[in-house]
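Beneath this line is the structure, given in C-alpha cells, with notes to follow.
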Amino acid sequence: MADLTMTGPRGPKPKKRFSRANIFLYGTLIVVSMYYLLPLYVMVVTSLKGMPEIRMGNVFGPPLEITFEPWVKAWSEACTGVNCDGLSRGFWNSVQILIPSVVLSIAIASVNGYALSNWKFKGSEVFFTILILGAFIPYQTMIYPIVILLREIGLMGDLGGLVLVHTIFGMPILTLLFRNYFASVPEELFKAARVDGAGFWRIYFQIMLPMALPIFVVAIILQVTGIWNDFLFGVIYTKPATYPMTVQLNNIVNSVQGIKEYNVNMAATLLTGLVPLVIYFASGKLFVRGIAAGAVKG
Amino acid sequence: MSYSVEIKQLDLSFGAVKVLRNLDLNINEGEFLVLLGSSGCGKSTLLNCIAGLLEVTDGQIFIKGKNVTWAEPSERGIGMVFQSYALYPQMTVKGNLSFGLKNARLPKDEIEARVARAAEILQIGPLLDRKPGALSGGQRQRVAIGRALVRDVDVFLFDEPLSNLDAKLRVDLRVELKRLHNQLKNTMIYVTHDQVEAMTLADRIAVMKGGAIMQLGSPDEIYNKPRNLYVADFIGSPSMNFLEGHLEAGVFKVDDMAMPMTGYEFAAPQTADRPAVIGIRPEHIVTGELVRNAPLQYHVDVDLVEPMGSDTLVYAKLGDHLFRIRMDGQATVKAGQTIEIGIDPSRASLFDKATEDRL
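In order, the protein sequence lines correspond to chains E and C. Taken in order, the first sequence gives residues 51 to 348; the numbers are from this note's numbering. Taken in order, the second sequence gives residues 144 to 502; the numbers are from this note's numbering.
Here it is in C-alpha cells:
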C-alpha cells in the first residue's frame, strides 16, 4: 500500500504546453491580432515610403528608403481646397473643441450622477429615465433641430456651438456612468458625512470626488476618443476656418486634384489617430480599474 | 425627570408600506437602550429617523427637550457609528476624526485637543496618521466610535456596530463599549439583532417587530417576564419550549398531564378557563439531585444529545412533546435513556393562546 501511494500521482498535475485548448486559444488570439495589426503595419510603412516606391506596388514590404517627408507634408503643407497648411490648423481647432467639451461634460455629468444617486428628489427617477432615453435616440434625427437652435442663439459655425453640442450629447452616457459608480459607494459613507455636518458640495468634493478617480479616467477616455474622432457634428456645426482635425483629414484624403499621395494620406491618418491612442496608453491601467469598478470596498 | 430622547407618535411609510407605526419611546438621560429585533422590524429605520437621515411621515422627535423633527443630522447633537464603519477611505484616521469638527468650523487647537482626547480614550493614538485601509476591523470600528466621540454629543447612535467583526473581536469590543458607556455616561441607542449584545449591554431593551415595540424593559424583565409569545420565543438561545394546552382554575392541562401553577405570578387574576400556551426555558428545567426540590416532576425519554462543552443540550420526549433541556457540560446522558426532570411553574411563562399576551 505504502509503495503504491509513493509511485502514484503526486504534487501538481503536469500541464501540456501544446494541448488542444492552448493551440486553439493562442491560434485565435494570433489571428485576431493579425487582423488588426496588419492594416496598421501597412499604414506605418506606406507613410514612410516615397511615392516612387509606393508605385512599385509592394504594399507589405518595408520601406527601402525611410523618409519623413510625407509626415511633414501632412502636418503643414497638404492642401484642402484653397488652404495649403495641412492638418495643423485642424489639430489646434480640435484641441480647442476637445478641452472645454471634455471638462464641461464630465464636470456636469459627475455632479448629475452624484445628485441622482445620493440626493434623490421627487421625480429624480423619471428625470434619470428621460436622460438615459437620450442615449438611445439616433444622433441623425437631432441634427437639423440643433442647426436651428444654434442659429437662434448665434453659435452656428462657432467653436462654442460645437462645444455645447458635445457637452449635451455626452450627458446621458456619462451621467449613467457616474450615477452607477456613486451608487456603488456604500450609502453609510454618505450618511456618516451628513452626520458630520457636510452638505451637498462638501460631500461631493471631499468624500466622493477623491474616491471616483478611476471612473473619471474612464469618462475622460470615452470623451476624448468620442469628441476627437467625431466627424459628423464637426462638419455640420463649424465652418472651414474652424473645421476639426477629422474633417480636415477627410478633405485631404478625399481631395481629387492631382495625384493620390498615399504616403501623405497614411501619415495624416496616423497623426489624427495619435491623440486618443496616447490618452489610452497613458491611462490604460486606470481605465481597466474604472471599468472593473463597483467592486470597490470602503 | 427629563428625557434625553423622546419619540412621540412616530410614523414612517415608504409609499404604501408602513415601516413604523405610531411609535412612542422615551429614553432617559445616560441610558443605554438597545433596539432589538430581527431584520426588517424597523429598528434601523427608527435609528435613522432619530439621526435625521430619514424624513418622518408623522410624529415628533425631541432630543434634550428640543424638537429636532425638522433639524439636519449635524444639528441634533448626535454621533453615529455604522455597521460598515463608513470611514472616509482617502483620509487618514486623524482626517476622519476631524472632518466633522472642520465642518463645524471649530478652532484648530480645539480640534487638536478633541482628537487627542478621543485617541487616548480609544487607544488609537499610534494609528492617527494611517489610512483606514491599513487598519484591522476592530481598529476601524474604534476609529468610527472616535468620530462620534470627538463631536462631543449628547446621544450616541450605534447601527449594528459589531456585526462585521469576527466572533472573538466582537466580544472584546462589546466589553469596551460597556466600559466606554460607564466612563462617558452618555445616552446610547444601540441597534442589534444579537440578543447576547442586547442582554449584556442594555439598561433597557426595546424588542421590535413589524414597526412597533413589543416590549420595553430591563434585560431581566425581557428574559424572565416576556410580555408576549413573540418576545418569549425571540429571546433566549436555545429558545423556549412551548406547550399548548388549557388553563383551568389555575391548573395548566395538556393531554393527560396537569401542572398546578403554584407560585406563578399572574398579570391579572384568572377567572375564566381558556386555551393557553406555557413556555419553559431549557435552562429552567432541572435534572439530577435538584429534581427532588422541584414542584413538578416528570420522566422523559432522551432523543438526542448535543454536547457543547460548557453545557449539554438534550432533546427529550415528554409524552408526544419534544423538549429542549440545558444540562451541565459534564452530564453523561445518552440517547434512549429515561431521565427525571423537574419544573418550577413560578419560573415559567403563560400566554393566552388567542391574543398571545402574557397571562
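Beta carbons: idealized from backbone N, C-alpha and C, even for Gly. Note that the structure is predicted; figures quoted are calculated from it, not measured.
Helix, strand or coil, according to DSSP, for residue i in the structure here?
i: Asp272/C; result: coil
i: Glu483/C; result: strand
i: Asp363/C; result: helix
i: Arg164/C; result: strand
i: Ile302/E; result: helix
i: Val109/E; result: coil
i: Arg67/E; result: coil
i: Ile309/E; result: coil
i: Val346/E; result: In this prediction, Val346/E has a pLDDT of 40, which is less than 50 and means its spatial position is unreliable; what the coordinates show is noted afterwards. Correct three-state label for Val346/E: coil.
i: Thr515/C; result: Residue coverage of chain C in this structure runs from 144 to 502, which leaves residue 515/C outside it and unanswerable.
i: Met51/E; result: Note that Met51/E scores 49 on pLDDT, short of 50, meaning its location in the model is unreliable; the coordinates nonetheless yield the value given after this. Of the three classes helix, strand and coil, the one that applies to Met51/E here is coil, per DSSP.
i: Ser217/C; result: helix
i: Ala401/C; result: strand
i: Asn307/C; result: coil
i: Lys209/C; result: strand
i: Asp500/C; result: strand
i: Ile116/E; result: coil
i: Gly202/C; result: strand
i: Leu300/C; result: strand
i: Gly222/C; result: strand
i: Phe395/C; result: strand
Assuming residue i contacts residue j under a Cβ cut-off of 8 Å, what Cβ separation, rounded to an integer in Å, is found between them?
i: Thr322/E; j: Leu209/E; result: Incorrect: roughly 18 Å between the Cβ atoms, too far for contact.
i: Pro403/C; j: Gly388/C; result: Going by Cβ atoms, the distance from Pro403/C to Gly388/C rounds to 13 Å, so no, they are not a contact pair.
i: Leu176/C; j: Tyr333/C; result: 7 Å
i: Met93/E; j: Leu320/E; result: 6 Å
i: Phe385/C; j: Val420/C; result: 5 Å
i: Gly207/E; j: Thr288/E; result: 6 Å
i: Leu163/C; j: Gly185/C; result: 5 Å
i: Val215/E; j: Phe283/E; result: 5 Å
Out of the options, which has the shortest C-alpha to C-alpha gap to residue i?
i: Thr235/C; options: His427/C, Ile267/C, Val448/C; result: Ile267/C
i: Val160/C; options: Thr188/C, Phe175/C, Glu391/C; result: Thr188/C
i: Ser305/E; options: Asn108/E, Thr78/E, Ala128/E, Ile73/E; result: Ala128/E
i: Gln338/C; options: Gly354/C, Lys328/C, Tyr366/C, His442/C; result: Tyr366/C
i: Leu272/E; options: Leu148/E, Trp121/E, Pro120/E; result: Leu148/E
i: Lys496/C; options: Pro418/C, His464/C, Asp446/C, Glu426/C; result: Pro418/C
i: Leu137/E; options: Asn108/E, Phe118/E, Val145/E, Trp125/E; result: Trp125/E
i: Thr217/E; options: Pro64/E, Val274/E, Ala318/E; result: Val274/E
i: Lys368/C; options: Cys192/C, Gly158/C, Ser492/C, Thr405/C; result: Ser492/C
i: Val122/E; options: Gly111/E, Asp135/E, Pro113/E; result: Asp135/E
i: Met295/E; options: Trp142/E, Phe219/E, Gly107/E, Gly77/E; result: Trp142/E
i: Gln203/C; options: Thr212/C, Leu292/C, Leu197/C; result: Thr212/C
i: Leu259/E; options: Tyr231/C, Leu292/C, Ala287/C, Ser306/C; result: Tyr231/C
i: Ile104/E; options: Ala317/E, Ala318/E, Gly207/E, Asn313/E; result: Asn313/E
i: Phe225/C; options: Leu114/E, Phe110/E, Ile198/E, Arg244/E; result: Arg244/E
i: Gln233/C; options: Ile309/E, Leu299/E, Ala332/E, Ile257/E; result: Ile257/E
i: Lys352/C; options: Thr335/C, Ala478/C, Ala259/C; result: Thr335/C
i: Glu218/C; options: Glu198/C, Thr414/C, Ala247/C, Gly281/C; result: Ala247/C
i: Ile270/E; options: Tyr330/E, Leu299/E, Ser234/E; result: Tyr330/E
i: Lys335/E; options: Val268/E, Glu311/E, Gly308/E; result: Val268/E
Give me the chain E residues within the contact set of residue i, using Cβ-Cβ distance strictly less than 9 Å, ordered along the chain.
i: Ile221/C; result: Val245
So with CB distances below 7 Å, who are the chain E contacts of residue i?
i: Ala194/C; result: Val245
i: Gln233/C; result: Pro260, Met261
i: Pro216/C; result: Arg244, Val245
i: Ala349/C; result: The premise fails here: Ala349/C is roughly 22 Å from chain E at the closest Cβ pair, so nothing lies under 7 Å.
What does residue i touch in chain C if you count any residue whose Cβ is under 7 Å from its own?
i: Ile257/E; result: Tyr231
If the cut is a Cβ gap below 8 Å, which residues of chain E does residue i touch?
i: Phe242/C; result: Ala243, Asp246, Ala248, Gln256
Just the chain C side, please: which residues come within less than 8 Å of residue i by C-beta, in chain order?
i: Arg252/E; result: Asn246
Inside the segment 338-391 of chain C only - beta strand (DSSP E) runs reaching at least 3 residues: 347-352, 355-360, 384-391
Contained alpha helix (DSSP H) runs [length at least 4] in the segment 415-497 of chain C, N- to C-terminal order: none
Whole alpha helix (DSSP H) elements within the segment 123-210 of chain E, 4-residue minimum: 138-168, 174-183, 193-202
Residue ranges of each alpha helix (DSSP H) within the segment 147-200 of chain C, 4 or longer: 186-194
4 or more residues per run - each alpha helix (DSSP H) lying fully within the segment 222-272 of chain E: 237-245
Those runs of the alpha helix (DSSP H) which lie wholly inside the segment 229-269 of chain C and span at least 4 residues: 236-246, 251-265
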